[in-house]
Each structure stands twice: as C-alpha cells, then as structure tokens.
Amino acid sequence: MGGRLRAGRRAWRAENRGRLGATRSEHRRGEDVVVAWHWRGGHARTLVLVHGIGMGQQYFGLLREELCRPYDVVAIDLPGFGESPEPTRQASMPECADHVAAVLRDLGIAPVVAIGHSMGTQVVAELAARHPDLVERLVLIGPTVDARHRSKRSQTARLLLDLVNDPPIVAAVGLRMYAQAGPRWFLTQFDAMLAHRIEDVAPRIDCPTLVVRGSSDVVCPRGWTRHVASLIPDATFREARGKGHEAMITGAEPVARMVTRFLEDTGA
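So the number in the numbering used here is just where the residue sits in the sequence shown, counting from 1, plus 74.
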C-alpha cells in the first residue's frame, strides 16, 4: 500500500509541475481548437503524447518527466478535453488524428514518435496510417477497444475496476479529469471510441511499433493486446509487470525504459 500511495503522490506532483518549462500553443482547424504543450530540450527527436478518453495531457506528467531527459516532448489536449474547448459535434478517431497532424505541421516537428494511451492509441494508429510522413515510430500503451467487450456497459465496468485498483490519488486525478470533460462530451466521445476498430487500422501501420500493456490491465487483456500487435507488420510486444491500464502513471520509469530501449533497438 505504501508504494501505491507514493506513486500516487508522485503523479499528483508531476501533474502540478506539468506547465513548468512548457510552451503552450493553440491550433485551429476549421471550427475546432486544439491546445498543445511543448517541452524543448534541444534534442534531435520529438515524442508526442496523446491521452485517453476523458483525460488531458496532464496525466502524462510522470512519463513525460522521464522522457524529457533524452527527448523533446509535445503533449496534446484532444478536442473537448484538458484545455481544448468542446466542439459542437462528435470527433471521430480519424478526425482526432487529423487534428494531431495539423498541430505537428504547425509546429514543424515531423517526423515524430507518436505515443498514445487507451483511446489515444486509436488516434495515433490513425495518425500513422493516414499521415505516414509525420510518424517515424509508434507506441501503443493499452490499445482499445477489446473486440470481445466493445460495449458501454463492459468498457465502463472495466475502466472503473481499473481505477479502483490504482493508488487513490491517481483515481482522484482520473475522476477529476472525467468531471472536467463533463458527462455529455465524455459520452459523445465514448461512442466515437467504441465505433472505431483499431484492428482495421493496424495492418496499415508501416512504421516500427511498440505495443505495451500493464500485466494487470483489465481493460486490455493480454490476448487482445497481443492480437493488436500481431496485426501490425513490424510490432514489438511488452508488458509492465504488476501495472494496470494506467501503466504510464504507476509504472512511468519502466515504461519510459521500454520506450527508450525500443527506439534504440529500431535505430530511431
């Protein structure tokens, strides 16, 4: 329990430190505005972080701090989440990917290493498939949605169960971000997430890809996650031992090591 509480406190502090040293920018595409945060360290390679349903870039705090040492990092608030204003209509996963692509082109930082978590994996998978010139490597942490449990009831139950198993302060951060997004927009995007099939996109991903899950993840079972990896032409599968769906929070250091090793092994 002590270790879980320490991890939670570290996550809270990292979230609060998140804006220090970052450049905030707003990017308009049509009627929608996407907010991005850029931590520049003068490194040759840039990593882009894309969050999951109901979240915002801040929950990447611990992972971002680990990755900022060897890399520049950009973190994005998808439409309606974090500090990005809510659109007037649902944003599909391909549309979200196009928003991210527009941000990368605005910032002039491509090609990048795109890292997505949960719903964010669906967005970055579409980004790699639709805009291959912008993505040199891909990292999918807890790819959704498990085809055998693609329903609101099942996914809600699994997400809540995973939160219960996390350190209390991590769960508190998640619930606060869910509340910030608001139930209407959360449910609107939940429908978009469930309608999307990452397994249909995976075969069109041409770049080397790292697929990661926490070994205790109830949202993304091992069989499902391995299946997603098997559909990608050049994929590596790894597990963060003892971690759940929020592995990049509770296991930021081992996940960061996995990412760094993957990039080294693939010559990035």
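A virtual CB, placed ideally from N, CA and C, is assigned to each residue, including glycine.
Leaving aside the five residues before and after residue i along the sequence, list all residues of the same chain whose C-beta is less than 7 Å from its C-beta, in chain order.
i, result
"Gly-341", "none"
"Gly-95", "Trp-113"
"Leu-137", "Met-322, Ala-326, Val-329 and Ala-330"
"Ala-276", "Ala-199, Val-302, Leu-305 and Ile-306"
"Met-251", "Gly-128, Met-129, Gly-130 and Tyr-133"
Where DSSP assigns a beta bridge to residue i, which residues make up the other side?
i, result
"Arg-287", "Glu-313"
"Trp-259", "BP columns for Trp-259 are empty, so no partner."
Looking only at its chain, what residues have a beta carbon closer than 8 Å to the beta carbon of residue i, apart from the 5 residues adjacent to it on each side?
i, result
"Pro-161", "Glu-105, Asp-106, Pro-153 and Gly-154"
"Trp-179", "Correcting the residue type first, residue 179 is Arg in the shown sequence and not Trp. So the list reads Leu-208, once near-sequence residues are dropped."
Excluding the five sequence neighbours on either side, which residues of its own chain have a C-beta within less than 6 Å of the C-beta of residue i, listed in chain order?
i, result
"Arg-315", "Ser-289"
"Glu-123", "Per the sequence presented here, residue 123 reads as Leu, with Glu not at that position. Same-chain partners within the cutoff: Phe-134, Ala-149 and Ile-189."
"Val-147", "Trp-113, Leu-121, Arg-138 and Leu-141"
"Thr-283", "Leu-212, Ile-306 and Ala-309"
"Gly-156", "Gly-130 and Gln-131"
"Arg-98", "Trp-111"
"Leu-234", "none"
How is residue i classed by DSSP in three states: helix, strand or coil?
i, result
"Asp-220", "coil"
"Thr-162", "coil"
"Arg-78", "In this prediction, Arg-78 scores a pLDDT of 48, lower than 50, which makes its location untrustworthy; the coordinate-derived value is nonetheless stated afterwards. Of the three classes helix, strand and coil, the one that applies to Arg-78 here is helix, per DSSP."
"Thr-340", "coil"
"Glu-100", "strand"
Are residue i and residue j touching if we call contact CB-CB under 8 Å?
i, j, result
"Gly-194", "Asp-291", "no"
"Ser-166", "Ala-266", "yes"
"Val-197", "Ala-175", "no"
"Val-219", "Arg-119", "no"
"Thr-262", "Val-285", "no"
"Pro-206", "Asp-280", "yes"
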